[in-house]
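A.B. asks: When you line the sequence shown up against our numbering, it's residues 195 to 343, in that order.
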Amino acid sequence: MFALPPPMRLALDAAAEAARAGEVPVGAAIVRDGEVLAVAANAPRRLCDPSAHAEMLAIREAAVRVGADRLEGCDLWVTLEPCAMCAGAIAHSRLRRLYYGAPDPKGGAVEHGPRLFGQPTIHHRPDIYAGIGEREAADLLRRFFIDRR
C-alpha cells in the first residue's frame, strides 16, 4: 500500500473529526505551492448553516488567506465527490485541481448527477483526480451511517 499525499491525509483527519462531532464525515484541504492554506471539516449542524460543507469552509478560509476571491494555482483535496453547491463554488473560485476520495452516486455532481464540469455553461473546469484515499473515505462514511441506524 502507498502513503496518501499529505493534503488528503489532512482532509481525512478533518473528516474523522467531523464524525466525532456528529457531522457527516467529510474533510477538505486547500494547498498552493506546497503551502496548506485551509483545512476544514463538515459543520452544517454545528454552525446551523446548510452551506457549511467542508469544501465551502475551506474555500472561504483560503480566499481570506490569499486576499482574493479567486484561488488560481490552488488545489482542493476533499474526501467525497463534491455536491452541486460545492462544485459551483469550485468553479467560481477558479481552483486549479480537484482531488477527491470516495464517489457519491447519490449526491455528487462531478462524475454523478449533473456532472457540473461537463456542462457547456460552466466557466471554469479544474483538473479532476478521483479515488485518492477512496477506501478510507468510504469506510468513514459507511461507519458513520451504520452507527446512526
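Built from N, CA and C at the ideal position, the CB exists for glycine as well.
Return the bridge partner residues of aspartate 321 from the DSSP annotation.
C.D. replies: Note: aspartate 321 sits in a beta bridge opposite Arg291.
A.B. asks: In whole angstroms, what separates the C-alpha of alanine 257 from that of arginine 337?
C.D. replies: Rounded to the nearest angstrom, the two C-alpha atoms are 33 Å apart.
A.B. asks: By the three-class DSSP mapping on this structure, what secondary structure does isoleucine 340 have?
C.D. replies: Three-state DSSP puts isoleucine 340 in a helix.
A.B. asks: For valine 304, report the span of its beta strand (DSSP E) as first-last.
C.D. replies: Neither: valine 304 is in no beta strand (DSSP E) and is coded neither H nor E.
A.B. asks: Taking the alpha carbon of arginine 259 as the point to measure from, which residue in Val272, Val233, Asp243 has its own alpha carbon closest?
C.D. replies: Out of Val272, Val233, Asp243, Val233 has the C-alpha closest to the C-alpha of arginine 259.
A.B. asks: Going by beta carbon distance, what residues of the same chain come within less than 6 Å of tyrosine 294, once the five residues before and after it are set aside?
C.D. replies: Once the five neighbours on either side are set aside, the close Cβ partners of tyrosine 294 are Val272, Glu275, Ala324.
A.B. asks: What number of angstroms, rounded off, separates the C-alpha of cysteine 280 from the C-alpha of glycine 327?
C.D. replies: Their Cα atoms are separated by approximately 19 Å.
A.B. asks: Across which residues does DSSP place alanine 252 in a beta bridge pair?
C.D. replies: None; alanine 252 has no bridge partner.
A.B. asks: Which partner residues of arginine 226 appear in the DSSP bridge assignment?
C.D. replies: Glu229, per the DSSP bridge assignment.
A.B. asks: Would DSSP call valine 218 helix, strand or coil?
C.D. replies: Correct three-state label for valine 218: coil.
A.B. asks: Exposed or buried, what is leucine 292 when buried is set at 16 or more other beta-carbons lying within 10 Å of its beta-carbon?
C.D. replies: It is buried - the Cβ of leucine 292 has at least 16 other Cβ atoms within 10 Å.
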